[in-house]
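Visitor: Residue numbers (our numbering): 486 to 651.
Sharing a structure with you now.
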Ligand code: ADP
């Protein structure tokens with residue numbers, strides 16, 4: 486059985502992530518969306534909140550599962566028996582970091598492959614950070630995230646700034 490993990494911070498999950506997950510689910514028997522906190526980014530949502538959003542959105546996909554993890558991605562991949570790590574690529578700016586990460590992971594775990602899926606043109610500009618910024622300043626993110634996530638973003642925004650900008 487071909488198993489892949491799709492690791493990320495998903496803070497929150499966007500339509501760009503969802504597209505990568507859908508396409509990975511067609512290539513692999515099982516895809517495990519693996520949520521963690523990125524040490525270099527300050528999270529808006531807790532791991533439990535991100536996990537809940539992903540579970541809700543991914544319910545229709547019967548070969549996709551959501552797990553949380555901490556520590557090295559390759560260790561988690563090996564622990565659950567995944568042969569591949571899925572990553573999405575947008576602009577050239579993603580490339581350098583992803584390239585270094587893929588080579589580091591290959592060094593740490595030669596049996597685990599990193600598989601890159603190119604973003605779809607219409608999603609290439611979407612990032613979790615830009616979505617958060619748009620919501621913070623009262624903009625509409627309907628085409629950028631699933632409706633359930635949009636709702637959670639609005640609630641979070643109200644909790645944080647009393648909805649002053651939204
Ligand atoms: P991380 O903190 O690990 O980078 P992210 O949630 O930001 O976690 O991203 C997880 C993966 O999804 C990364 O490989 C990232 O490049 C990819 N990704 C994010 N947004 C998009 C998008 N719009 N299209 C394609 N891939 C994306």
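Built from N, CA and C at the ideal position, the CB exists for glycine as well.
Everything numeric in this text was worked out from a predicted model, so none of it was measured.
Helix, strand or coil, according to DSSP, for residue 586 in the structure here?
Guide: Position 101 of the chain shown, counted from the start, is the residue given in the question as residue 586. Residue 586 falls in the helix class under three-state DSSP.
Visitor: Would you say residue 513 and residue 489 are within 7 Å of each other, going by their C-beta atoms?
Guide: As a working note, residue 513 is residue 28 in the chain shown. As a working note, residue 489 is residue 4 in the chain shown. Contact flag set, yes.
Visitor: Which of helix, strand or coil does DSSP assign to residue 627?
Guide: As a first step, residue 627 must be located in the chain shown, where it is residue number 142. In this structure, residue 627 counts as coil in the three-state DSSP scheme.
Visitor: Near residue 593, what residues of its chain come up, given a Cβ to Cβ distance below 6 Å and the 5 sequence neighbours on each side ignored?
Guide: For the purposes of this step, residue 593 is identified with residue 108 of the chain shown, where counting begins at 1. Taken in chain order, the residues that qualify are 559.
Visitor: Just curious, the alpha helix (DSSP H) that residue 524 is in, first and last residue?
Guide: Numbered from its first residue, the chain shown carries residue 524 at position 39. Taken as a continuous stretch (DSSP letters only), residue 524 belongs to no alpha helix (DSSP H), as it is neither H nor E.
Visitor: DSSP three-state call for residue 558: helix, strand or coil?
Guide: Stepping through the chain shown from its first residue, residue 558 is reached at position 73. DSSP places residue 558 in helix when its eight states are reduced to three.
Visitor: Under 7 Å, Cβ to Cβ, is there at least one residue of chain C near residue 597?
Guide: Looking at the structure shown, chain C is missing, and only one protein chain is on hand.
Visitor: Is residue 495 near the ligand ADP, judged by its Cβ being under 6 Å from some heavy atom?
Guide: If you number the chain shown from 1, residue 495 lands on position 10. Yes, the ligand ADP has a heavy atom inside 6 Å of this Cβ.
Visitor: Locate the beta strand (DSSP E) running through residue 552, then write down its first and last residues.
Guide: By 1-based counting over the chain shown, the position of residue 552 is 67. Start and end: 549-553.
Visitor: Could you tell me if residue 503 is buried or exposed, where buried requires 16 or more neighbouring beta carbons within 10 angstroms of its beta carbon?
Guide: Position 18 of the chain shown, counting from 1, holds the residue named residue 503. Around the CB of residue 503, 16 or more other CB atoms lie within 10 Å, so the residue is classed as buried.
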